[in-house]
Amino acid sequence: MSAPAPSPVPLVLIAGPPLLGFFLAWALQGVLTLQTYLYYLHFPKDRLGLKSLVYFVLVFEWVHAGLTTQTAFEIYGSQYGSLSSLTGVHNFWFSSAIMSAIIAGVVECFYARRIWLLSRSKVLVILIVFLAFAQTVLGIAGGITLHVLNLNASAQAVDKILSSTGYIVATVDDIIIAIAMAYFLLRSKTGIRKSDDMLNRLARLVIETGALTSIVSLLTSVLMLHGSNTLLFECPALVLPKLYSNTLLMSLNNRAYLKAGDTVTTDTNFTPAFPTIPSTSVAFAGRNTTETYDLDPISTDEHKTTLELYPRGSGSG
Numbered sequence: 001m002s003a004p005a006p007s008p009v010p011l012v013l014i015a016g017p018p019l020l021g022f023f024l025a026w027a028l029q030g031v032l033t034l035q036t037y038l039y040y041l042h043f044p045k046d047r048l049g050l051k052s053l054v055y056f057v058l059v060f061e062w063v064h065a066g067l068t069t070q071t072a073f074e075i076y077g078s079q080y081g082s083l084s085s086l087t088g089v090h091n092f093w094f095s096s097a098i099m100s101a102i103i104a105g106v107v108e109c110f111y112a113r114r115i116w117l118l119s120r121s122k123v124l125v126i127l128i129v130f131l132a133f134a135q136t137v138l139g140i141a142g143g144i145t146l147h148v149l150n151l152n153a154s155a156q157a158v159d160k161i162l163s164s165t166g167y168i169v170a171t172v173d174d175i176i177i178a179i180a181m182a183y184f185l186l187r188s189k190t191g192i193r194k195s196d197d198m199l200n201r202l203a204r205l206v207i208e209t210g211a212l213t214s215i216v217s218l219l220t221s222v223l224m225l226h227g228s229n230t231l232l233f234e235c236p237a238l239v240l241p242k243l244y245s246n247t248l249l250m251s252l253n254n255r256a257y258l259k260a261g262d263t264v265t266t267d268t269n270f271t272p273a274f275p276t277i278p279s280t281s282v283a284f285a286g287r288n289t290t291e292t293y294d295l296d297p298i299s300t301d302e303h304k305t306t307l308e309l310y311p312r313g314s315g316s317g
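Each residue of the sequence shown is one higher than the one before, starting from 1 at the first, in the numbering used here.
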C-alpha cells in the first residue's frame with residue numbers, strides 16, 4: 001500500500017500561528033487592562049470625552065478578546081483535529097478584520113488631533129484622517145467579503161487583496177504620524193535643558209511605538225499576500241489591535257511619568273517660540289510680576305494654559 005500523499009502545507013504553519021496569536025493577544029489584553037487601571041488612578045480629572053475614549057477602547061478590546069477566545073476554543077477544543085476548523089473563517093471576519101480596522105482608525109484619528117494641536121496644518125491632518133478612513137473602509141470591506149463568500153481563511157484571494165491593502169495604508173499612516181509627531185515635538189524645543197530632555201524622550205517614544213505598529217501592519221500584509229496558503233498572517237493580525245490600543249493608553253499614561261513637578265523660570269520678558277512643554281510648569285517673569293502656568297495637557301483650570309499634547313505611542317494604523 002502506498003503512503004498517503006504529504007500535505008502541501010505543513011500543519012504547523014496552519015495550526016501554529018493562530019495559537020501563538022491567541023497567546024500574545026491575551027498577554028497584551030492584560031497589559032491594556034493594567035494600563036487602563038493606572039489611567040483611572042492617575043487622571044481622574046481628565047475631560048469626559050477623553051475618559052469615554054479610554055473606556056470605549058477597553059470594552060472594545062474585551063469584546064475582541066472574547067470573540068477570539070471563542071474561536072480558539074472551537075479550533076483547539078470542541079472541533080479539535082478538524083482541518084476544516086483550522087482553516088475555517090469562524091468569527092475572524094469580524095474580530096480580526098473589521099475590529100482591527102476600526103480600532104486602528106480610532107487611534108490614528110486620535111493622533112491626527114494631537115498633530116493638529118501641534119502644527120495647525122490642515123493638509124497634514126486631512127491626509128492622516130483620509131488614510132485612517134481608507135484603511136478602516138478597506139478592512140471592513142475585506143471582513144464582509146470573507147464572511148459573504150465564506151471560503152477558508154488561507155485561500156480567500158479577494159479578501160486578502162482588500163485586507164492587505166488596508167494594512168499597507170495603515171502602515172503608511174503610522175509612519176506619517178510618527179514622523180510628524182516627532183518633528184513637531186523636536187521643533188518645540190525652547191533651549192531649557194529639562195524641557196528639551198523631556199521632548200527628546202517624547203519624540204523617541206513616538207518613533208519607537210509608531211515603528212512597532214507600522215512593522216506589524218506591514219508584516220501582516222506581506223504574510224497575507226505571500227504566505228503560500230498558510231495562516232502565518234493570523235498571528236500579527238490578532239496582535240495588531242491590541243498594539244494600537246496599548247499605544248493609545250501608553251501615550252496618555254506617559255504624562256504620569258513626565259509630571260515630576262519641575263519648575264523652570266525664564267529670563268525677563270522671555271517668550272518661548274513654541275510654549276508647549278507638556279506636563280510641567282513654566283514661570284514667565286515680567287518686569288513687575290511673575291506668573292506661573294501649569295502646562296498639564298489635560299488641565300481644565302481656566303487660570304492655566306492648556307495644551308492637549310500626547311506622544312505618539314501606536315499607530316495605524
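C-beta atoms are modelled at their ideal positions from N, C-alpha and C, and glycine is treated no differently.
Quick check: residue i and residue j, are their CB atoms within less than 8 Å of each other?
{"i": "L238", "j": "L32", "result": "no"}
{"i": "A141", "j": "E108", "result": "no"}
{"i": "L218", "j": "T247", "result": "no"}
{"i": "E234", "j": "G88", "result": "no"}
{"i": "W62", "j": "G143", "result": "no"}
{"i": "H42", "j": "A256", "result": "yes"}
Once the 5 residues before and after residue i are set aside, which same chain residues still bring their CB inside 7 Å of it?
{"i": "P10", "result": "none"}
{"i": "G139", "result": "A97, I98, S100, A101, S163, G166"}
Can you check which of these residues, the options, is closest to residue i by C-alpha distance?
{"i": "R114", "options": "T190, T136, L185, M99", "result": "L185"}
{"i": "N200", "options": "T209, A182, K160, A211", "result": "A182"}
{"i": "F130", "options": "G142, F56, A104, L117", "result": "A104"}
{"i": "I177", "options": "Y76, S119, H226", "result": "S119"}
{"i": "T230", "options": "F23, K242, L83, F60", "result": "L83"}
{"i": "Q70", "options": "L127, W26, V54, E208", "result": "W26"}
{"i": "V54", "options": "T36, K45, P44", "result": "T36"}
{"i": "L58", "options": "L48, S78, Q29", "result": "Q29"}
{"i": "V206", "options": "V137, H226, S251, L225", "result": "S251"}
{"i": "F60", "options": "L41, N253, L258, K242", "result": "K242"}
{"i": "T136", "options": "V106, R47, V123, L50", "result": "V106"}
How far does the alpha helix (DSSP H) with residue i in it reach, from first residue to last?
{"i": "N200", "result": "193-226"}
{"i": "W26", "result": "12-42"}
{"i": "T136", "result": "122-149"}
{"i": "T71", "result": "48-73"}
{"i": "V89", "result": "Run containing V89: none; DSSP gives neither H nor E here."}
{"i": "A112", "result": "99-119"}
Ordered along the chain, which non-local residues of its own chain (more than five positions away) have a Cβ less than 6 Å from that of residue i?
{"i": "S221", "result": "S164, Y167, I168"}
{"i": "L67", "result": "N91, S95"}
{"i": "L240", "result": "S100, V216"}
{"i": "T271", "result": "Here T271 scores only 34 on pLDDT, less than 50, and its place in the model should not be relied on; the value that follows carries that caveat. Nothing meets the Cβ criterion."}
{"i": "S214", "result": "T171, D174, I175"}
{"i": "L38", "result": "N253"}
By Cβ distance, which residues of its chain are closer than 8 Å to residue i, with the 5 residues on each side in sequence left out?
{"i": "L232", "result": "L13, P17, L223"}
{"i": "Q79", "result": "S85"}
Are any of the Cβ atoms in chain B nearer than 8 Å to that of residue i?
{"i": "F184", "result": "Absence of chain B from the displayed structure is noted, only one protein chain being present."}
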